[in-house]
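Residue numbers (the UniProt record's numbering): 1 to 252.
Report on the following structure.
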Amino acid sequence: MALSIHTNYSALTTNTALNKSNNSLATNQQRLGTGLRVNSAADDAAGLQIATRLNAQSRGMSVAMRNVGDATSMLQTAEGAFSEVTDILQRMKDLSTQAANDTNGATDRTSLKSEYDELGKELTNIVSNTKYAGEALFAAGGKFSAAVNFQIGASAAEKLTMDVATDMAALRTELTTTVQAGTMDTAANAGTTITALETALNNVGSMRAKFGANINRLNHTSNNLANMKDNTDMAKGRIMDADFAIESANMS
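What follows is the structure, given as structure tokens:
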């Protein structure tokens with residue numbers, strides 16, 4: 001090494017090494033303090049960019065999971081209401097079948113029709129007043145009067161569309177008008193009413209099947225979102241999280 005009066009080479013070299021050591025120590029301390037390997041873009045610019053995208057995707061999936069839960073609840077509410085409609089229609093069919101038997105007199109059939117009419121009013125009540133979060137589901141102008149879109153993913157394209165508007169309009173008329181117009185003052189009229197109720201039961205069954213199929217799909221969607229979110233969070237963690245063993249070793 002050269003000898004110089006004006007420049008202390010050893011001091012400069014030592015000072016540079018000390019600054020590097022202090023900077024490295026500060027980085028290690030920051031990583032141990034925050035638990036993050038990447039605390040700023042300077043630590044890993046590319047890694048931070050990837051982690052930011054992964055974080056946005058993860059947050060989008062979290063919201064989508066809540067959306068799926070809300071959608072499932074709404075469809076379960078609708079399917080539950082139609083389950084009650086099924087029970088009512090079955091009872092109305094029982095009454096009509098009983099009225100079709102000529103062992104019944106006019107007074108008997110009048111009594112049967114009285115219960116039938118009250119059940120019909122309850123059908124109207126269910127169709128008109130079944131709601132989810134304050135929104136009517138089956139009434140004219142309700143949720144299912146048009147296609148319903150559920151956002152089930154982090155991207156705009158990930159939607160589930162359920163369109164039962166046409167079938168719902170027909171079923172609404174059938175339950176509130178056709179079925180309730182049934183008569184049973186004679187065995188023949190009671191037989192006609194039985195046929196109308198059988199048709200209504202089939203149509204309600206078809207509607208329930210559609211709701212059930214979409215509920216099952218949403219359950220699988222929720223499971224898949226949870227799996228994707230877990231793996232996305234782990235991928236982000238591998239980029240962002242500090243390895244305490246390595247950082248502790250680097251401090252020694």
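Even for Gly, the Cβ is constructed at its ideal location relative to N, Cα and C.
Bear in mind that the values here come from a model prediction, so they are computed numbers and not experimental data.
query: Can the beta-carbon of residue 226 be found closer than 8 Å to that of residue 92?; result: no
query: Measuring CB to CB, does residue 194 end up less than 8 Å from residue 56?; result: no
query: Please return the same chain residues whose Cβ sits closer than 6 Å to the Cβ of residue 129, not counting the five positions on each side in sequence.; result: none
query: Return the first residue and the last residue of the beta strand (DSSP E) that residue 162 is part of.; result: 159 to 162
query: Measuring alpha carbon to alpha carbon, tell me which residue in 62, 230, 145, 76 is nearest residue 212.; result: 76
query: What residue ranges within the UniProt domain "Flagellin N-terminal" (5 to 140) form continuous alpha helix (DSSP H) runs of no fewer than 4 residues, ordered along the chain?; result: 9 to 34, 45 to 99, 106 to 129
query: Within its chain, find whatever has a CB closer than 8 Å to the CB of residue 187; leave out the 5 residues flanking it on each side and keep chain order.; result: 99, 100, 101, 102
query: Can you name, in chain order, every residue of its own chain whose Cβ lies under 7 Å from the Cβ of residue 228, other than the five neighbours on each side?; result: 61
query: Does the region 212 to 224 come close enough to the region 111 to 127 that 3 or more CB-CB pairs lie under 8 Å?; result: no
query: Verify whether the separation of the beta carbon atoms of residue 179 and residue 82 is less than 8 Å.; result: no
query: For residue 230, does the three-state DSSP call read helix, strand or coil?; result: helix
query: So residue 201 and residue 110 are supposed to be a Cβ contact under 8 Å. How far apart are they, rounded?; result: About 25 Å; that fails the 8 Å criterion.
query: Could you work out which residue in 53, 49, 221 is closest to residue 70 when comparing CA atoms only?; result: 221
query: Using a Cβ-Cβ cut-off of 8 Å (strictly less than) and excluding sequence neighbours within five positions of residue 161, which residues of its own chain qualify?; result: 147, 148, 149, 150
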